[in-house]
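Engineer:
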Amino acid sequence: MINNKWYYFSAVQRNIKYNNETGKNEYYPQKPYGSMYINEKTPDNYNIGNDGSLIGN
């Protein structure tokens, strides 16, 4: 908790994944390492406010 607001910090997953169907590594664009979610939903379905804090639970 920072200034009475909850934040969730997590490392970014690898951007390159192996595709068994094509037999190739493929690039999957994601947010830059260390960037913060603002006014959006996280991949694990949490809503984030305009200041980067968790909205609800």
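When you line the sequence shown up against the numbering used here, it's residues 1229 to 1285, in that order. Cβ coordinates follow ideal geometry from the N, Cα and C atoms, glycine included. Since the structure is predicted, the reported quantities are computational estimates derived from the model, not experimental observations.
1. For Lys1252, which residues from the same chain have a beta carbon less than 8 Å from its beta carbon, with the 5 sequence-adjacent residues on both sides left out?
2. Are the CB atoms of Ile1266 and Asp1275 within a distance shorter than 8 Å?
3. State the Cα-Cα distance for the pair Ser1263 and Glu1254, rounded to the nearest angstrom.
4. Would you say Asn1243 and Tyr1256 are within 8 Å of each other, going by their C-beta atoms?
Structural biologist: In short:
1. Tyr1246
2. The question names Asp, but residue 1275 in the sequence shown is Asn. Not a contact, by the Cβ cut-off of 8 Å.
3. 22 Å
4. yes
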